[in-house]
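*Asks:* One point on numbering: in this note's numbering, the residue at position 92 of the sequence shown is 93, and numbering is uninterrupted. We put the CB at the ideal spot given by N, CA and C, even for glycine. Computed from a prediction, not measured in an experiment: that's the story for all the values here. Following this message is one structure expressed as structure tokens.
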Amino acid sequence: MTGTFGGALEARGIPAGDGYFHSESVGEVEKERGTLVIKRVHIIYHLNVEAELLSEKRDAIQRAFDFHADSCPVYRSISGCIDITTELEISETG
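This is how it looks when you write it as structure tokens:
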């Protein structure tokens with residue numbers, strides 16, 4: 002999902018490489034009939050954007066975030082059996 006969102010940002014002229022963008026994720030596992038099963042995954046995206054670019058591209062960033070999951074092969078493959086949630090933290094730089 003991180004790659005899909007990063008690609009969507011880059012396509013909109015928002016740098017997502019070189020330390021501008023990364024994610025962290027946490028999974029929750031439950032035991033079902035003696036087997037560990039991944040039930041939930043939460044992904045936090047961290048985006049660093051220069052102040053001037055952020056004021057210009059804030060809406061584009063939000064649209065990319067809102068729609069990236071539907072374009073992500075991983076999300077579309079596993080979201081029916083694993084609850085996947087995301088959040089976006091934007092830090093203004095410069």
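Near Y76, which residues of its chain fall below 7 Å by C-beta distance, leaving aside the five closest residues on each side in sequence?
*Replies:* Looking up residue 76 in the sequence shown gives position 75. M2, A70 and I85.
*Asks:* Restricting to runs no shorter than 4 residues, where is the alpha helix (DSSP H) found entirely within the region 24-93?
*Replies:* Here the runs fully enclosed are 52-68 and 74-79.
*Asks:* Let me confirm a value: F68 is counted as buried when at least 16 other C-beta atoms fall within 10 Å, else exposed. Which label applies?
*Replies:* If you number the sequence shown from 1, residue 68 lands on position 67. The residue in question, F68, is exposed, as its Cβ has fewer than 16 Cβ neighbours within 10 Å.
*Asks:* Out of E93, I62, E88 and H43, point me to the one whose CA is closest to G28's CA.
*Replies:* Taking the sequence shown and counting its residues from 1, one reaches residue 28 at position 27. For the residues E93, I62, E88 and H43, the minimum Cα distance to G28 belongs to H43.
*Asks:* Do the region 7-25 and the region 38-58 meet, that is, are 3 or more Cβ pairs less than 8 Å apart?
*Replies:* The region 7-25, when compared against the region 38-58, does touch it at the 8 Å Cβ threshold.
*Asks:* Applying the criterion that 16 or more other CB atoms from any shown protein chain within 10 Å of the CB defines a buried residue, is L48 buried or exposed?
*Replies:* Indexing the sequence shown from 1 puts residue 48 at position 47. The residue in question, L48, is buried, as its Cβ has 16 or more Cβ neighbours within 10 Å.
*Asks:* Rounded to whole angstroms, what is the Cα-Cα separation between P16 and G81?
*Replies:* Here residue 16 is taken as the residue at index 15 of the sequence shown, counted from 1. Here residue 81 is taken as the residue at index 80 of the sequence shown, counted from 1. Answer to the nearest angstrom: the Cα atoms are 31 Å apart.
*Asks:* Can you name, in chain order, every residue of its own chain whose Cβ lies under 7 Å from the Cβ of H23, other than the five neighbours on each side?
*Replies:* For the purposes of this step, residue 23 is taken as residue 22 along the sequence shown, with counting starting at 1. Taken in chain order, the residues that qualify are H47.
*Asks:* How many Å lie between C73 and T5 at the Cα?
*Replies:* Reading the sequence shown from its first residue, position 72 is the one you call residue 73. Reading the sequence shown from its first residue, position 4 is the one you call residue 5. Computed Cα separation, rounded: 6 Å.
*Asks:* Can you list, in chain order, the residues of its chain with a C-beta nearer than 8 Å to that of V38? Leave out the 5 residues immediately preceding and following it.
*Replies:* One-based indexing of the sequence shown puts residue 38 at position 37. The residues are V30, E31 and K32.
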